[in-house]
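The structure under discussion appears below in the form of structure tokens.
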Amino acid sequence: MDSKIRKGIWNCTIALLMALVFATAAPTAGGQTPTVKTKPGNKGQAEQKRNQAEVKDWWKNAVIYEIYPRSFQDTNGDGLGDLNGITERLDYLKELGVDAIWLTPVYPSPQVDFGYDISDYKNIDPQYGTLADFDRLVAEAGKRHIRVLMDMVMNHTSDQHEWFLESRSSRDNPYRDWYVWHDGKVDRATGKTVPPNNWQSLFGHSAWEWDAKTRQYYYHKFYIQQPDVNWHNPQVHAAFEDVAHFWLKRGVGGFRFDAITTLYEDPSLADEGVVRDKDGKVIINAYGDPQLDGSKTDNQPGLHPVMQEMRAATDKFNLETFPGTRVLIGETYLPNIEELTKMYGPPGKPEFHLPMDTQVAFINKLDVATFRSKLIDAETHLSAHIPLLLFDNHDNPRLDMRYGDGVHDEDIQRVLATILFASRGAALFYYGDEIGMKTTPPERKQDVKDPIGITGWPREKGRDGERTPMQWDASAQAGFTTGTPWLPVPPSAQTINVAAQKKDPYSLLAWYQSLIRLKKTVPAFERGANIMLDVENTNVLSWLRQAPGAAQVVVCVNFTAEPQTVNLATGGAGIGPRHVKTLLKTPGAADPQSLRAIKLGPFGVYMGEVQ
Ligand code: NOJ
């Protein structure tokens, strides 16, 4: 792109942005005492009140950054990222403007599922550091007003966890009932013992593993090395509350609940239905198994009381010990908005603060009508709860592969980032998205690290492609490690890296920074409703942010590779022929005279304050 053109457009944008940045009382990080600097008196009390409100509501307009610690920053040359590496990069995160970092699991683990197989919930895996390193990370993050969120994996443990080692040691061990054990059934044709039903692991093949010693099967929704915990047992509830308290006491700002929809299974043990295509043919998944409908093992009602308990325990902790809301985030892959709404809990019995809206996240194609309808759902169907929008995580190909066209990938990522940060609610993004890191899957089966990529090769290549080392600079290992990285650094690191983008005020990184700053400083973005405009348009998604007492803001994003002009002044949802003052725009968009004609370049974005 012609950098001169960019420069002209950006100069006025940056000036406006700077003008918009007004001083706000510093938010207080999880576990840190709020800093009230003024002396007592009316002014002091008012400030204290505002400070307390910020501490309480920080999550409602939060920007959350997901870190895959193994791939973020290595400090000891072993090729694996570590906690000290995250601490080292806190200034970068601060500059980016994030309020919280969510760490995928850093607990001791045999690392079969790269940390999601936990063998001790109250420690740090030596490959990541020590508890002291963790405490230092929380303290340093706190100084920068960044909260640290932990992954809470309650569906399963590692098969090396002492609870499971006990459980499998004999049928009458006190821990036997901490896991899901069942007798097999006898197959009439062969006379052999077979699993109790047809349930499958999400990672391929039967979800039942035979234990020769105690002659029963145990259930595992994920890897064989990840036995499911039995949530019918009250001791399990107490054990996980205790785990939560352990980390809350260390000052964490909340938890992301892993695989929460798979917590319970239907006690009837009935077979799940087989999914067929439109011609009635059974669909075969990447592992060669028939696709099942998940009706007996996913989203079972028992998970709601569990989350109500966890929320009550966490809320109670907030009140009694440290100030500041500890936020509960859910990994909530659900079929529709109605099911997502339930995750917030019924009136008076709150569950998640922020269950992930995977409805929007995984539309996986740039279709204006679908985006509009899913965003309207998030605005109107969540009973006034706060949406948590996201587009990416460590389990899915990155944005280039799901939304890119191979030609305008960076522009498309600007479009997605705009939707993410300029919509109401909290926003979650994945490390490397801010520089446009590309999905880089292994080319040969022998290079695959993620076990599902071995079981499912070549249809399922695993998740290595979206977990490659963070690209800090153009050096041999991208500034990630001085050793040999656990996954190869993608060749794209030569051009796509933080150091290069920091020098370029028109980079994707700068775009992210600008959007985040606007989200935090423009009142309509901070608290305004989302109202869709120009709702018949199939090329451009436009919306208004509107809050009482605040200037309205319009946002337009072009979903096509063609230039577009939109008229937000007239028509059904038009807001009148008013003037508009540019807040942010991409190259190709001129400063419009009025809302009658907003011009956008290919995949262009325009954002302006209505005068
Ligand atoms: C969801 C996590 O995001 C994924 O990485 C993991 O493999 C499964 N849960 C099992 O814990």
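Our numbering puts the first residue of the sequence shown at 906, with every later residue one more than the last.
Yeah, the Cβ is synthetic: ideal placement off N, Cα and C, and Gly gets one too.
Per DSSP, what kind of secondary structure is residue i in: helix, strand or coil?
{"i": "proline 1320", "result": "Residue identity check: residue 1320 is valine in the sequence provided, not proline. The answer is helix: DSSP assigns valine 1320 an H, G or I state."}
{"i": "histidine 1209", "result": "helix"}
{"i": "glutamate 1521", "result": "Outside the shown range of the chain, which is 906 to 1516, sits residue 1521, and nothing can be said about it."}
{"i": "alanine 1405", "result": "helix"}
{"i": "leucine 1174", "result": "coil"}
{"i": "proline 1195", "result": "strand"}
{"i": "valine 1312", "result": "coil"}
{"i": "asparagine 1463", "result": "strand"}
{"i": "phenylalanine 1334", "result": "strand"}
{"i": "glutamine 978", "result": "coil"}
{"i": "alanine 1117", "result": "coil"}
{"i": "threonine 938", "result": "At threonine 938 the pLDDT is 26, less than 50, meaning the model places this residue with poor confidence; the figure from the coordinates comes in the next sentence. If DSSP states are grouped into helix, strand and coil, threonine 938 belongs with coil."}
{"i": "isoleucine 1242", "result": "helix"}
{"i": "arginine 1181", "result": "strand"}
{"i": "aspartate 1016", "result": "The amino acid at residue 1016 is misidentified as aspartate; the sequence shows glutamine. Looking at glutamine 1016 - three-state DSSP - the assignment turns out to be coil, as it is neither helix nor strand."}
{"i": "proline 1497", "result": "coil"}
{"i": "aspartate 1355", "result": "coil"}
{"i": "alanine 928", "result": "Model confidence at alanine 928 stands at a pLDDT of 28, short of 50, so the residue's coordinates are unreliable and nothing is read from them."}
{"i": "aspartate 1305", "result": "helix"}
{"i": "isoleucine 1189", "result": "strand"}
{"i": "valine 1394", "result": "coil"}
{"i": "threonine 1219", "result": "helix"}
{"i": "aspartate 1022", "result": "coil"}
{"i": "glutamine 1516", "result": "coil"}
{"i": "valine 1485", "result": "strand"}
{"i": "tryptophan 1416", "result": "helix"}
{"i": "serine 1268", "result": "Looking at the sequence provided, one finds isoleucine at residue 1268 rather than serine. Isoleucine 1268 falls in the coil class under three-state DSSP."}
{"i": "aspartate 1030", "result": "coil"}
{"i": "proline 1252", "result": "coil"}
{"i": "glutamate 1045", "result": "helix"}
{"i": "arginine 1368", "result": "coil"}
{"i": "histidine 1142", "result": "helix"}
Please name the residue or residues paired with residue i in a DSSP beta bridge.
{"i": "threonine 894", "result": "Here the chain covers residues 906 to 1516 and nothing more, so residue 894 does not appear."}
{"i": "lysine 1490", "result": "Tyr1511"}
{"i": "methionine 1261", "result": "Leu1293"}
{"i": "serine 1111", "result": "Gln1105"}
{"i": "phenylalanine 1162", "result": "Met1057, Gly1235"}
{"i": "histidine 1087", "result": "Tyr1122"}
{"i": "glycine 1007", "result": "First, the amino acid is wrong: residue 1007 is tryptophan here, not glycine. Partner(s): Glu971, Leu1054."}
{"i": "tryptophan 1448", "result": "Met1437, Val1460"}
{"i": "threonine 1098", "result": "Val1091"}
{"i": "aspartate 1133", "result": "His1061"}
Could you give the C-beta distance for residue i and residue j, rounded to a whole number, given that I count them as a contact under 8 Å?
{"i": "phenylalanine 1108", "j": "isoleucine 1357", "result": "5 Å"}
{"i": "aspartate 1133", "j": "tyrosine 1124", "result": "5 Å"}
{"i": "leucine 1500", "j": "valine 1462", "result": "The Cβ separation is near 16 Å, so there is no contact."}
{"i": "histidine 1563", "j": "valine 1211", "result": "The question about residue 1563 has no answer here: the residues shown for the chain are numbered 906 through 1516."}
{"i": "arginine 1372", "j": "tyrosine 973", "result": "6 Å"}
{"i": "phenylalanine 1061", "j": "serine 1024", "result": "For the sequence presented, residue 1061 should be read as histidine rather than phenylalanine. About 12 Å separates the two Cβ atoms, so there is no contact after all."}
{"i": "leucine 1414", "j": "isoleucine 1324", "result": "18 Å between Cβ atoms; not a contact."}
{"i": "leucine 1423", "j": "phenylalanine 1430", "result": "6 Å"}
{"i": "proline 1507", "j": "histidine 1313", "result": "6 Å"}
{"i": "arginine 1231", "j": "glycine 1158", "result": "6 Å"}
{"i": "leucine 995", "j": "glutamate 1045", "result": "6 Å"}
{"i": "leucine 1333", "j": "aspartate 1369", "result": "About 22 Å; that fails the 8 Å criterion."}
{"i": "isoleucine 1317", "j": "leucine 1271", "result": "7 Å"}
{"i": "glycine 1454", "j": "valine 1485", "result": "That belief does not hold up - the Cβ atoms of glycine 1454 and valine 1485 are roughly 19 Å apart, past 8 Å."}
For residue i, which residues in the same chain have their Cβ closer than 7 Å to its Cβ, ignoring the five residues on either side in sequence?
{"i": "threonine 1237", "result": "Ile1165, Thr1166, Leu1245, Met1248, Pro1260, Met1261, Thr1263"}
{"i": "alanine 1322", "result": "Trp1416, Tyr1417, Leu1420"}
{"i": "histidine 1290", "result": "Tyr1249"}
{"i": "arginine 1041", "result": "Thr992"}
{"i": "proline 1395", "result": "Lys1343, Thr1345, Thr1373"}
{"i": "lysine 1350", "result": "Ile1359, Trp1362"}
{"i": "leucine 1208", "result": "Ile1165, Thr1166, Leu1168, Tyr1169"}
Short of 6 Å in beta carbon distance, which residues of its chain neighbour residue i, apart from the five on each side in sequence? Order them along the chain.
{"i": "phenylalanine 1056", "result": "The sequence as given places aspartate at residue 1056; phenylalanine does not occur at that position. Excluding residues within five positions, the ones whose Cβ falls inside 6 Å are Thr1009, Pro1010, Arg1161, Asp1163."}
{"i": "asparagine 1102", "result": "Leu1174, Asp1176"}
{"i": "aspartate 1522", "result": "A question about residue 1522 goes unanswered here, because the residues of the chain that appear run from 906 up to 1516."}
{"i": "glycine 946", "result": "Low confidence applies here, because glycine 946 scores a pLDDT of 47, under 50, leaving its location unreliable; read the following figure in that light. For glycine 946, where only same-chain residues beyond five positions count, there are no Cβ hits under 6 Å."}
{"i": "glycine 848", "result": "Given a span of 906 to 1516 for the chain in the structure shown, any question on residue 848 remains unanswerable."}
Counting only beta-carbon atoms, is residue i nearer than 8 Å to chain C?
{"i": "aspartate 1040", "result": "Structure shown: chain C not included; a single protein chain is present."}
Which same chain residues, not among the five before or five after residue i, have their C-beta less than 8 Å away from its C-beta?
{"i": "arginine 1319", "result": "Leu1413, Trp1416, Thr1491, Phe1508, Val1510"}
{"i": "leucine 1197", "result": "Asn1103, Trp1104, Gln1105, Glu1177, Gly1178, Val1179, Val1180"}
{"i": "aspartate 1030", "result": "Val1011, Tyr1012, Pro1013, Ser1014, Gln1016, Gly1020"}
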